[in-house]
Each structure stands twice: as C-alpha cells, then as structure tokens.
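**Student:** Under my numbering, the first residue of the sequence shown is numbered 55, with each subsequent residue one higher.
Even glycine gets a Cβ: it sits at the ideal position worked out from N, Cα and C.
Note that this is a predicted model, so its numbers are computed, not measured.
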Amino acid sequence: MEKAVKEFEVHKGKIRRQVSLRKNKRAYINLLSVYDMLVCEKMAQTLTLKLINDGFEREKAAPVAENACLCVMSLTDYSFNPIFSNTNELMTTLTPEDMLTVAREYSALRRDYVGFDMLGSLEIEQLKKN
Numbered sequence: 055m056e057k058a059v060k061e062f063e064v065h066k067g068k069i070r071r072q073v074s075l076r077k078n079k080r081a082y083i084n085l086l087s088v089y090d091m092l093v094c095e096k097m098a099q100t101l102t103l104k105l106i107n108d109g110f111e112r113e114k115a116a117p118v119a120e121n122a123c124l125c126v127m128s129l130t131d132y133s134f135n136p137i138f139s140n141t142n143e144l145m146t147t148l149t150p151e152d153m154l155t156v157a158r159e160y161s162a163l164r165r166d167y168v169g170f171d172m173l174g175s176l177e178i179e180q181l182k183k184n
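1. Tell me the rounded alpha-carbon separation between V126 and R76.
2. Just how far apart, CA to CA, sit D152 and L92?
3. For the candidate residues I106, C94, R165 and R80, whose alpha-carbon lies nearest to that of L148?
4. If you draw a straight line from the C-alpha of M97 to the C-alpha of P117, how long is it?
5. In whole angstroms, what separates the C-alpha of V73 from that of I137?
6. Can you name, in chain order, every residue of its own chain whose Cβ lies under 8 Å from the Cβ of I69, other than the five neighbours on each side?
7. Rounded to whole angstroms, what's the CA-CA distance from P150 to N121? Just pull it up for me.
8. What would DSSP say about I83, mapped onto helix, strand or coil?
9. Let's test the definition: count the other Cβ atoms within 10 Å of the Cβ of V156 and tell me whether it reaches 16, buried, or not, exposed.
10. With 16 as the cutoff for other CB atoms within 10 Å, does S128 come out buried or exposed?
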C-alpha cells in the first residue's frame, strides 16, 4: 500500500505547506534555504547554551532549542511574515506538541519535496536513463 504524499505549494518561489497549530491557528511551514539552515543551527547553539546557563540539562536543552529555532525560522503567515519574532515569544506561546508538530511537518515537507533520499538504487538508475 502506497502512502499518500501531502501536497505542498510553491508560492512566490517558496516551497511551503499549511499546518494547523493550537486553537486552529493556521500557519505555513516554509522550506529553509541553505543559508537559513545555517542561521537556524547557529541560533540553536546559542539558545542551547542559554538554556544550560539557566539550569537545564544539555540532553533536554538541545532538542528544545533546535525545534524552537526551526519553528521561528520556518513558520510564517500567508504573506510570508514571520509568526514569531524570537524564540522566547515562540516558547511562551506554542505548546510542546505544537513545536513537535512543526518539526515533524518540516521533516515531511523536506522529504516530500526533495525525496531523493528515499529513492533506492533501482529508482535512481531509472531516473538517470530518462
């Protein structure tokens, strides 16, 4: 049985997918550019250190920081305006479940759009022939 792929849209040159957050708040998850991913990683490192300095364990601080930064960088409204201006605003607004939903949906969007990491050697050879 083949799994259905959720649709994504290309809007103003950006790849995105709509996602529902708490209280039916609608948002869009946008695929990040390479530069944005690097900025996101740097933000996550900085936030991880801040959380550790605030007394959190590294094992808990790192994944929370990574998910929070991904949410800040990838979540926008319909017009591509960021929903959150910083990680503090995000972490006081979203629930942990919302953050995990965004992280999972981002991963699924990346996989559905890029998809080459899911191809086997036979499929890759067929692509090369065409």
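**Tutor:** Here's the rundown:
1. Numbered from its first residue, the sequence shown carries residue 126 at position 72. Numbered from its first residue, the sequence shown carries residue 76 at position 22. Spanning the two alpha carbons is a distance of roughly 16 Å.
2. In the sequence shown, the residue the question calls residue 152 occupies position 98. In the sequence shown, the residue the question calls residue 92 occupies position 38. Roughly 23 Å between the two C-alpha positions.
3. Counting from one through the sequence shown, the residue named residue 148 turns up at place 94. Comparing Cα positions, the closest option is R80.
4. On the sequence shown, residue 97 is found 43 positions in, with the first residue counted as 1. On the sequence shown, residue 117 is found 63 positions in, with the first residue counted as 1. Between M97 and P117, the C-alpha separation is close to 12 Å.
5. In the sequence shown, counting from the first residue as 1, residue 73 sits at position 19. In the sequence shown, counting from the first residue as 1, residue 137 sits at position 83. Distance between the alpha carbons of V73 and I137: 13 Å.
6. Start at 1 with the first residue of the sequence shown, and residue 69 comes out as number 15. So the list reads F62, E63, N84, L85, L163 and Y167, once near-sequence residues are dropped.
7. To locate residue 150, count along the sequence shown from 1; it is residue 96. To locate residue 121, count along the sequence shown from 1; it is residue 67. Those two C-alpha atoms are separated by around 10 Å.
8. Residue 83 sits at position 29 when you count from the first residue of the sequence shown. If DSSP states are grouped into helix, strand and coil, I83 belongs with the strands.
9. For this step, residue 156 is matched to residue 102 along the sequence shown. Label assigned to V156: buried.
10. Taking the first residue of the sequence shown as position 1, residue 128 is located at position 74. Label assigned to S128: buried.
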